[in-house]
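>
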Amino acid sequence: MSQQQRTKLMNRQTRAFTEGTVENINQQWIFFDDETDEACSIEDYVESVIEVYRGGRWQQGVVEEEGKILLHREITFLRENEPIRIRKKLLYSFERLLEELNDDSFFQFITTLNSLDFSIYDCIYSYNQLTFLRTVPNQSGVNFFTFDNENQICLVQHHFSYGKKDHDRFEFTLNTGKRIVIEKVNSQ
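When we follow the numbering used here, the leftmost residue of the sequence shown carries the number 1, and every step to the right adds one.
1) I believe Gln139 touches Asn175 by the beta-carbon criterion, under 8 Å. Please report the beta-carbon distance rounded to the nearest angstrom.
2) How is Ser48 classed by DSSP in three states: helix, strand or coil?
3) What are the boundary residues of the alpha helix (DSSP H) that Glu82 is part of?
4) Where Arg73 and Ser119 are concerned, what is the direct C-alpha to C-alpha distance, given to the nearest angstrom?
5) Could you give the DSSP three-state label for Phe118: helix, strand or coil?
6) Counting only the same chain and skipping the five closest in sequence on each side, list residues whose C-beta sits under 8 Å from that of Val142.
7) Quick check: what's the CA-CA separation for Tyr264 versus Pro83?
8) Using CA coordinates, which residue listed in Arg87, Asp148 and Gln108 is at the minimum distance from Asp44?
9) Measuring CB to CB, does Glu183 end up less than 8 Å from Asp166?
10) Where do the ends of the alpha helix (DSSP H) carrying Lys8 lie?
11) In this structure, does DSSP put Arg134 in helix, strand or coil?
12) Restricting to Cα atoms, I'd like to know which of Leu155, Lys164, Arg85 and Asn186 is closest to Ile180.
13) Helix, strand or coil for Gln152? Go by DSSP, reduced to three states.
14) Does the stretch 21-34 come within contact of the stretch 64-78, defined as at least 3 CB pairs closer than 8 Å?
15) Mind reading off the beta-carbon distance from Phe172 to Thr111? Whole number of angstroms is fine, and I expect it under 8 Å.
16) Give the range of the beta strand (DSSP E) segment to which Glu171 is assigned.
Here's what the structure looks like:
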C-alpha cells in the first residue's frame, strides 16, 4: 500500500469535516458550526484544509489569513454566508499511530472500524504507548482509543509486539457488547 493509497483511504472517511458558514463581522471572518451553532474566528483554521461550495460543487483549498483561501492555486476570498467544510484534525497520538502501523495492519484497522460505522475522525481519546518506546529495540504494550459516532461508543485496545516478528491485535468493543478481534503477524 503506497502513501497515496493510505491518503485516499483516510480521505474517504465519514465525518471528516466540520460544516458551517462564514460571515464577515466587524472586518473579521467568523465560522459558524452548523452542528453546534458555535462561532469562532476563521483565523483559528489558518493552513487547514477547507472545502467551499461554489459552482454547484465542493471545491478544496487551504485557509489563509484575513479571509483568503488558496483555491485551485489561486488566492481568492471567502464569501458572506458561503457554505464551507473544514477538515477535522486527528488527535496527535492517534495520527502518529496510524503513520507507524505497517500497511496491512493500517488497512485492517481502518476497514474494521469503518465496518462498525465509525470513522477515524470519531476518535475522542487516544493513548499511544508506542510514543514512549521509540528507542527500545523490542517494543510491546497496549494502546487505547475511544471513538464516538454520536450513536455508539467503540473502545479499541491495540496490543502490539514489535521485534523479530511484528504482531498487532486490535480488540474493538462497542457499548452494545459487540466485540471484534483482528490480528496481524508480519515477519521482518
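Each residue gets a CB set at the ideal place from its N, CA and C atoms; glycine is no exception.
So, to answer that:
1) Not confirmed; about 30 Å, so no contact.
2) coil
3) That residue, Glu82, is in no alpha helix (DSSP H); it is neither H nor E in DSSP.
4) 30 Å
5) Here DSSP, grouped into helix, strand and coil, assigns Phe118 to coil.
6) Gln129, Gln157, His158, His159 and Phe160
7) The structure shown does not extend to residue 264, since the chain is modelled only from 1 through 188, so no value can be given for it.
8) Arg87
9) no
10) Gln3 to Asn11
11) In this structure, DSSP gives Arg134 a state outside helix and strand, which the three-state scheme calls coil.
12) Leu155
13) In the displayed model, Gln152 falls within coil according to three-state DSSP, outside both helix and strand.
14) Verdict: yes, contact present.
15) That pair is no contact at about 12 Å.
16) Lys165 to Leu174
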